[in-house]
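**Q**
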Amino acid sequence: MNAFRIRPATGEDARVLSDMLVEAANWDPARARSRVTVLEDPAVRHYVAGWQRPGDFGCVAEDARGVAVGACWARLFPANAPGYGFVAPGVPELTLGVYPQWRAQGAGRALLREIAREAAARGFARLSLSVQRANFAQRLYVSEGYVTVATSGTADTMVRTVR
1187 MNAFRIRPAT GEDARVLSDM LVEAANWDPA RARSRVTVLE DPAVRHYVAG WQRPGDFGCV
1247 AEDARGVAVG ACWARLFPAN APGYGFVAPG VPELTLGVYP QWRAQGAGRA LLREIAREAA
1307 ARGFARLSLS VQRANFAQRL YVSEGYVTVA TSGTADTMVR TVR
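Note that the working numbering has the sequence shown beginning at 1187, numbered continuously upward.
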């Protein structure tokens, strides 16, 4: 297993989060889109636009040299501008992205656990997310206590209670 450490995401991490958003969007290499195409999509861009807004929180996984290898962050969305995994106002929706060479090595799980700890510390009761059912990450989410609460097309909305 490669060594990594988890640190809080800061306002300086907008580029890292954008990189990880592109990784999350391109989970299926057969359907990968360019960075520009991903970030030009308003439905995707709003996961990182204006980072770090009040209420935004997250964490970054870094390798032994301090290079980001993954990130997980949460953001609140209003009902009139929801994210893909929106369940209710006041429930942060998370995004998780990990570089392919770091997948299945514990970084994603560590990031998910840290974001859950931080959400609970901030007083949130639940976290939500959206995942394509064919995405291997869905098994990770289930193993970390996320349950499907809605299905739309090929994607599931999942929720985890954090306190």
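Ideal Cβ positions, reconstructed from N, Cα and C, are used throughout, including at glycine.
Report the rounded CA-to-CA distance for Trp1237 versus Pro1228, giving the unit in angstroms.
**A** 15 Å
**Q** Are Gly1267 and Pro1275 close, meaning C-beta to C-beta below 8 Å?
**A** Checking the displayed sequence, the identity of residue 1267 turns out to be Ala instead of Gly. Not a contact, by the Cβ cut-off of 8 Å.
**Q** Does Arg1261 pass the burial test, meaning 16 or more other C-beta atoms within 10 Å, or should it be called exposed?
**A** buried
**Q** Enumerate, from N- to C-terminal direction, the unbroken beta strand (DSSP E) stretches of 3 or more residues contained entirely within the region 1225 to 1279.
**A** 1243 to 1249, 1254 to 1261
**Q** Rounded to whole angstroms, what's the CA-CA distance from Ala1254 to Val1335? Just pull it up for me.
**A** 32 Å
**Q** Check for me: the alpha helix (DSSP H) holding Ser1316 runs from which residue to which?
**A** Here Ser1316 belongs to no alpha helix (DSSP H); instead the beta strand (DSSP E) covers 1312 to 1318.
**Q** Drop a sphere of 10 angstroms on the beta-carbon of Glu1198, count the other beta-carbons inside from all chains shown, and report buried for 16 or more, exposed for fewer.
**A** With fewer than 16 other Cβ atoms inside 10 Å of its own Cβ, Glu1198 counts as exposed.
**Q** From Ala1341 to Gln1324, what does the alpha carbon distance come to, in whole angstroms?
**A** 10 Å
**Q** What does the Cβ neighbour count give for Gly1271, buried or exposed, with the cut at 16 atoms within 10 Å?
**A** buried
**Q** Looking at the C-beta of Gly1269, does it have a partner C-beta in chain C at a distance below 8 Å?
**A** Of the protein chains in this structure there is only one, and it is not chain C.
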